[in-house]
Every structure is written in structure tokens, then in C-alpha cells.
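Here the protein sequences come in this chain order: R and Y.
Residue numbers for the first sequence, in the numbering used here: 26 to 224.
Residue numbers for the second sequence, in the numbering used here: 26 to 224.
2 protein chains.
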Amino acid sequence: MSFSPLIDQLVDALRCLPGVGPKSAQRMALHLLESNREGGTKIAETLAQAVREVKHCQQCRILCEVDTCKICANPKRDGTLLCVVESPSDVLAIEQTGLYRGRYFVLKGHLSPIDGIGPEEIGVDQLVARVKGNGVEEVIMATNSTVEGEATSHYIAEQLKPININISRIAHGVPLGGELEYVDGGTLAHAFQGRRSIF
Amino acid sequence: MSFSPLIDQLVDALRCLPGVGPKSAQRMALHLLESNREGGTKIAETLAQAVREVKHCQQCRILCEVDTCKICANPKRDGTLLCVVESPSDVLAIEQTGLYRGRYFVLKGHLSPIDGIGPEEIGVDQLVARVKGNGVEEVIMATNSTVEGEATSHYIAEQLKPININISRIAHGVPLGGELEYVDGGTLAHAFQGRRSIF
């Protein structure tokens, strides 16, 4: 209940944002209308433009407003390396480390038969086609370390097996700054199996 | 850094929302573009309309899209009671209790000389005019229980003194469900001073 149907509609609309409940949505609406209308206009205009113009890169399926994204179009990136991730935010996280110089392929999700998401929905055919004709020498599977992520990684590896390339999986182990005491058993088991000689 | 200047702009715009930092803004932008474009369009359209159309009620200064808000226009509300609050969200909180049947006056802030906010900025003249000619019999000061809220309440009470009406302040004390052990000394002192006879 409120004193204005328009504000109620706005509160309702803001609840589409992830992690925003009724109280936060109300706070956001009142803040924008009471003290930052300029910011409100900026959000409305940029959001409308982004919804209209942002699409997916035809090669790696990342979000961008042109046909071929900056990473795919950059001749300095190593075309022999292809990193397979679940979502655009994973690409952002990897890019922020500044260490990876290859290209990407975004699955937009993971295999989940119960939700009707099979190989077609996550673009496995498109990935296989991309790997075949483009000089790719190694595919790095960087899907999440969840049951679904592991299954997706395994399925894709099976599909790529007939092609003569390396297929690798990012390492599992103890995160930096992690205390052994608080690390779960599965992670510890991976850390021991994947141990590396110091000298 | 990102793969699209438009997404960067959107992330930047979303940071105008209260309590939203760079990580949450990025999550919101990617979520809307990747999985809920309809919600994105809804937010953009409703927000643009709200910024354009929502103004302040001419009588109580609450946010609404008409000249006189629902509460001021409702003849069933008790016109002899006027509750003075700092912000429209305070009105919402009080309305949600469903107990108060009088009208409101929104100060839009509190006195804060250090930020250049004096009586004019919070509309004290407008409040005095409202109280004088409209059959108001009691003014309930419901500003926040902060130093600024108390000072604002005190100042306004002084200004209203010459008019022949009751001026009251909402009660301070132990909140419901509060354990005495964790209640601060100032609140406890108020709770003792304001004690009421049980029989």
C-alpha cells in the first residue's frame, strides 16, 4: 500500500533486480524520486538503450552491442586457446585477473535436463563448430565447480574428444588465503590429488 | 573494464541506487540483459514515467502524481491531527501500522546548519501556515530519535507554541521484543521517565 499508484508500480518493477526485495525496492524508488531524479533518468535511459541494443557476440556469445566483441576482434589475443565458461560474468572475473590472453566461449548456463536445458540450449554444436575450423589447439573448461558444471564440462569434453586438440579443466584446490581447517573434504581431496612438486 | 561500453554505462548508472556497489551493479546489469529483458524494459519505462510525473502533494509534501495526495483528499481522515515526519518513507511505515487516522506533513529532511539546511529548506513556514488555518488541534512530532531529529522537533515546537494547539512527541522507550540487557542507557532512561501506571 502506498500513496501513489505510480510509485507502487515502480517499486514492483525494481523487484525484477536480483537480490532486491520489497523493502529495498521501496527505498530505491523513494531515494531516486526524492533526492536523485537525475540518476533516475540516467538509469531509465541507459537501461532502455541497453535492452534495445545489447546482443550476443556471434563468435563467443558474450554480451556486446556489436556483431563481434572486442575480445574476438582483437588480433593480439591468442586464437589457439579457447576458454569455455557458463556466463558473461565469468568472463569478466577471468579478464580482471589479466592473465588469460586467449579467447572465450560462453555457454549461457549449464546442462540441466530437469529444467529442459540440453546440449542445444547451451550451444554445444556451435562450440564444436568453433573449435573445428579456427586453429584452436587447447580448450580450457572453466565451468563452475558444481555438480552441474562438472557434468557439463564432462559432456563437452566427450563431444570434443574426436577432434585432435588438448582439453583441460581448471585446477581445483585450496583457495588463496584459505585455512585448511575450514576447507571442505572434497576440495582437500582435489588439493592432494593435484599436488605439484616444489623443486 | 568490460567487453561493452554500453554495459559499462549501465553498471555505472545502476550505482545511483542506494546500497548498490560496483559488484551488485554488474550483477544486476548482466541479469537484466541475460535473463530478464522484459523486466529491464519495465524498470526503464516505469522509472522514466515516475521521474517525469511524480511531484509533491501541495498540502503535506508527500510524493504523489496528483496535486493533492490520497491521504489529504480523504474526507474520512481526521483533520484535527497532524503528524510531522522527516521523509515519505516514515509516512509509509506509519500507514502500515494502520492505527493513525490523521494527516501528515513531510519535512523532507531535518535541520542541519552544517549542511546549510535551515527552517526554510524543511518548510517550517509552510507547516505553520498549514496548522493555523485548517482546524488542526494536535501536532504529533514524529521526527527520528536522532540528535538532529530531536533538535528539529524542538525547534518546530517552539515555532508552533504561539498557536493555541496541543503539541506532542511520540514516546521513546524499549521496543517490543527488546531485551533490557541490550537496550542502551538513553533509551532505558526514557523508558523509566515515561513509565505508565498499570491499573
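The beta carbon of each residue, even a glycine, is placed where N, CA and C say it ideally should be.
Item                                                                                                                                                         : Value
At the level of alpha carbons, what is the spacing between V164/Y and L152/Y?                                                                                : 10 Å
To the nearest angstrom, report how far apart T171/Y and S137/Y are at their CA atoms.                                                                       : 12 Å
Alpha carbon to alpha carbon, how far is E63/R from Q34/Y?                                                                                                   : 15 Å
Counting only beta-carbon separations shorter than 7 Å, does L58/Y have a partner in chain R?                                                                : yes
Buried or exposed for P113/Y, going by 16 or more other Cβ atoms inside 10 Å?                                                                                : buried
Hey, is R29/R's beta-carbon within less than 7 Å of any beta-carbon in chain Y?                                                                              : Reading off the sequence shown, one finds Ser at residue 29/R, where the question assumed Arg. So yes, S29/R belongs to the interface.
List the DSSP bridge partners of D103/Y.                                                                                                                     : G127/Y
Which word fits K67/R, buried or exposed, when buried means at least 16 other C-beta atoms lie within 10 angstroms of its C-beta?                            : buried
Would you say the beta carbon of L213/Y is closer than 6 Å to some non-hydrogen atom of the ligand SAM?                                                      : For the ligand SAM, the structure offers nothing, since it holds no ligand at all.
Going by CA-CA distance only, name the one from V79/R, V91/R, L124/R and S178/R that's closest to T168/R.                                                    : S178/R
From the DSSP output, read off the bridge partner residues of L88/R.                                                                                         : H81/R
What do you reckon, are the CB atoms on G160/R and G104/R nearer than 7 Å?                                                                                   : yes
How would you call F217/R, buried or exposed, if buried means at least 16 neighbouring beta carbons within 10 angstroms?                                     : exposed
Does chain Y have any CB closer than 7 Å to the CB of R220/R?                                                                                                : no
Suppose the cutoff is 7 Å on Cβ atoms and the five residues either side in sequence are ignored; what does the same chain contact list for E162/R look like? : T105, I190 and N191
Tell me which residues share the same chain as C97/R and place their Cβ nearer than 7 Å to its Cβ, disregarding the 5 neighbours each side in the sequence.  : C82, Q84, C85 and R128
Could you tell me the boundaries of the alpha helix (DSSP H) in which V172/R lies?                                                                           : V172 to L185
At a CB-CB cut-off below 7 Å, which residues of chain R make contact with P113/Y?                                                                            : L55 and E59
Whose C-beta lies closer than 7 Å to the C-beta of L185/Y among residues of the same chain, with five residues either side of it excluded?                   : V153, V156, V164 and I192
Along the region 81-111 of chain R, where does the CB come closer than 7 Å to a CB of chain Y? Name the residues.                                            : I87, L88, C89, E90, C94, K95 and I96
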